[in-house]
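Chemist: Per our numbering, the very first residue in the sequence shown carries number 152; after that it's consecutive.
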Amino acid sequence: MRAFDQILLENKLLLQEANILHKGGIIGTEQLELIEKQLPAYPDQNVFIRIGLFVLGIFLYSSCCGLFAFVTTVGGNANFAWTCFVYAAFGFSGLELMIQKRNYYANGLDDAFLYCAEFSLIAAVGFMIGDFEQITPVFLFAAIIGTLCSIRYADRFSALIACSGMTSFVVSVTLQMGDFVRSLLPFILMCVAVVLYFTYKKIKATLNYKNIYSNCLNIVYVFSLALFYLGGNYLVVREASSALMNRYVAPGSDISFAFLFYAFTFITPLAYIYFSLVKKDRILLWTGLACAAFSIFTIRYYYHLLPTEVALLLGGFILFVASYYFMNKLKGKTSGLTFEQDRFIETDSLSNLEVVALLQRYAVKAESSDSEGANPGGGEFGGGGSGNNY
Numbered sequence: 152m153r154a155f156d157q158i159l160l161e162n163k164l165l166l167q168e169a170n171i172l173h174k175g176g177i178i179g180t181e182q183l184e185l186i187e188k189q190l191p192a193y194p195d196q197n198v199f200i201r202i203g204l205f206v207l208g209i210f211l212y213s214s215c216c217g218l219f220a221f222v223t224t225v226g227g228n229a230n231f232a233w234t235c236f237v238y239a240a241f242g243f244s245g246l247e248l249m250i251q252k253r254n255y256y257a258n259g260l261d262d263a264f265l266y267c268a269e270f271s272l273i274a275a276v277g278f279m280i281g282d283f284e285q286i287t288p289v290f291l292f293a294a295i296i297g298t299l300c301s302i303r304y305a306d307r308f309s310a311l312i313a314c315s316g317m318t319s320f321v322v323s324v325t326l327q328m329g330d331f332v333r334s335l336l337p338f339i340l341m342c343v344a345v346v347l348y349f350t351y352k353k354i355k356a357t358l359n360y361k362n363i364y365s366n367c368l369n370i371v372y373v374f375s376l377a378l379f380y381l382g383g384n385y386l387v388v389r390e391a392s393s394a395l396m397n398r399y400v401a402p403g404s405d406i407s408f409a410f411l412f413y414a415f416t417f418i419t420p421l422a423y424i425y426f427s428l429v430k431k432d433r434i435l436l437w438t439g440l441a442c443a444a445f446s447i448f449t450i451r452y453y454y455h456l457l458p459t460e461v462a463l464l465l466g467g468f469i470l471f472v473a474s475y476y477f478m479n480k481l482k483g484k485t486s487g488l489t490f491e492q493d494r495f496i497e498t499d500s501l502s503n504l505e506v507v508a509l510l511q512r513y514a515v516k517a518e519s520s521d522s523e524g525a526n527p528g529g530g531e532f533g534g535g536g537s538g539n540n541y
């Protein structure tokens, strides 16, 4: 079912862990080189080279597909569904060839072919349906394709397509129901987020640490957290009610259960941040901080209590005071939450500390001597006196 060599991919993850341990000073350079020799793995591509190869792959894919379209649509009669199926077949064939013959993984070229093939296949189904008002099956197909590609190619973006397709499918089905069911859309989305979260927890519990699907599962995790928050965010609920259900909110009035959505908008980010500190979960912490920032934007969107410049100054002052307080509170702690330097993060201060330690270990120490009877001389070169001669 997997297109990649699982052993090579797992070895790549192990080498990444070994590099982290090397940066943290747990293992030495000789040990790292020995591990690299004993563990054959997919090469680790530089991010800028990967971006360049991705752009090159997009141009290569579009050029080949454009040539095919030019040849097959000379008469003006184009079957877009059939053409998109050919594009998808070309993309997946080229991708499989790169993986099997060139041992590409997260190279950039394989990413370009994978994404273009997925979108071409989804577009082909859309053209087959023909009626763009009945687009619900396309969302379901996108969720299926994203899931299959994330399993076969261990790709994070495919996992995002799967989650987005499933969410869009639920929204589309809900909007085709009656007014009462459509009014429950925020709560339905939160239920979808809960299902995704427990699916993530269930799959993660069955996999080994640093499994090849860890990145895909992290995407599902972040998506479930974001969807749960946005499903009950006041701004999203109010604007979605106006756009999707044609409900006009007159000035001076408010949406139903506004107090509930107001409370949810502020309590949820605080809960994310609290539990992230308790569980020491960085993904949850960053998601909670992002949700907190969006909560502030939500209130500023409807209520301008202070001018923008005053609000920014006040917010910066509060962040400064809070940061200073917690820095002093957590400084010096060696367990739990602490402000001490992470040994796995390489910084200049750690490098300087390493140099000082080496100097202390290998520097030649001067021998002590009795100063009595010493005759430094009269200031000649190399002397210790204070004469006027150089």
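Glycine is no exception: its CB is placed at the ideal position from the N, C-alpha and C atoms.
Going by C-alpha to C-alpha distance, which of Leu381, Leu166, Asn362, Met328 sits closest to Ala344?
Modeler: Leu381
Chemist: Identify whether Ile178 lies in helix, strand or coil by the three-state DSSP scheme.
Modeler: DSSP, reduced to helix, strand and coil, places Ile178 outside both helices and strands of the structure shown, so it counts as coil.
Chemist: Is the CB-CB distance between Asn170 and Leu183 below 9 Å?
Modeler: yes
Chemist: Flag this pair as touching only if the segment 467–479 and the segment 444–455 have three or more C-beta atom pairs under 8 Å; answer yes or no.
Modeler: As far as the Cβ criterion goes, the segment 467–479 does not touch the segment 444–455, which means the pair count is below three.
Chemist: For my contact list, Leu311 and Phe374 are in at a C-beta cut-off of 8 Å; report their separation, rounded to the angstrom.
Modeler: 7 Å
Chemist: According to DSSP, simplified to helix, strand and coil, what is Val400?
Modeler: Looking at Val400 - three-state DSSP - the assignment turns out to be coil, as it is neither helix nor strand.
Chemist: How about Leu166 and Leu190: do their beta carbons lie closer than 9 Å?
Modeler: yes
Chemist: Suppose you measure from the CA of Tyr304 to the CA of Asn254; what does that come to, to the nearest Å?
Modeler: 13 Å
Chemist: Out of Val346, Ala441, Tyr364, Ser301, state which residue places its alpha-carbon closest to the alpha-carbon of Asn384.
Modeler: Ala441
Chemist: For Ile286, which of helix, strand or coil comes out of DSSP?
Modeler: coil
Chemist: Tell me whether the beta-carbon of Ser474 lies closer than 9 Å to the beta-carbon of Ser407.
Modeler: One thing to note: Ser474 has its Cβ no nearer than 9 Å to the Cβ of Ser407.
Chemist: Determine whether the beta carbon atoms of Ile296 and Pro288 lie at a separation below 9 Å.
Modeler: no
Chemist: Suppose you measure from the CA of Leu428 to the CA of Leu378; what does that come to, to the nearest Å?
Modeler: 21 Å
Chemist: How many Å lie between Tyr413 and Leu248 at the Cα?
Modeler: Each residue's Cα considered, the two are about 53 Å apart.
Chemist: Specify, as a first and last residue, the run of the alpha helix (DSSP H) that Ser315 falls within.
Modeler: Counting along the chain, the alpha helix (DSSP H) containing Ser315 begins and ends at 307–326.
Chemist: Measure the beta-carbon distance from Gly208 to Gly259 and round it to whole angstroms, keeping in mind my assumption that it falls under 8 Å.
Modeler: 6 Å
Chemist: Contact defined as beta carbons within less than 8 Å: I believe Ala294 pairs with Tyr212. What is the distance between those atoms, to the nearest angstrom?
Modeler: Actually they are not in contact, since the Cβ atoms of Ala294 and Tyr212 sit about 23 Å apart, beyond 8 Å.
Chemist: Just to check my reading of the structure: Lys353 and Leu368 have Cβ atoms closer than 8 Å, yes? What is that Cβ distance to the nearest angstrom?
Modeler: Lys353 to Leu368, Cβ: 10 Å. No contact.
Chemist: Can you tell me the Cβ-Cβ gap for Leu340 and Cys314, rounded? I've got them flagged as a contact below 8 Å.
Modeler: About 12 Å separates the two Cβ atoms, so there is no contact after all.
Chemist: Among Ala240, Ile250, Ser446, whose alpha-carbon lies nearest the alpha-carbon of Gln157?
Modeler: It is Ile250 whose Cα lies nearest to the Cα of Gln157.
Chemist: Look at the alpha carbon of Leu504 and the alpha carbon of Ile186, and state the distance between them as a whole number of angstroms.
Modeler: In this prediction, Leu504 has a pLDDT of 43, which is less than 50 and means its spatial position is unreliable; nothing more can be read from the coordinates.
Chemist: With a 10 Å radius around its C-beta and 16 neighbouring C-beta atoms as the bar for buried, classify Pro337 as buried or exposed.
Modeler: buried
Chemist: Measuring CA to CA, which of Ile202, Asn162, Ser271 is closest to Pro194?
Modeler: Asn162
Chemist: Helix, strand or coil, according to DSSP, for Tyr193 in the structure here?
Modeler: coil
Chemist: Judging by CA-CA distance, which residue of Ala232, Leu265, Phe231, Phe236 is the nearest neighbour of Phe243?
Modeler: Leu265
Chemist: Quick check: does the Cβ of Lys252 come within less than 8 Å of any heavy atom belonging to the ligand ATP?
Modeler: As for the ligand ATP, it is missing from this structure, which has no ligand bound.
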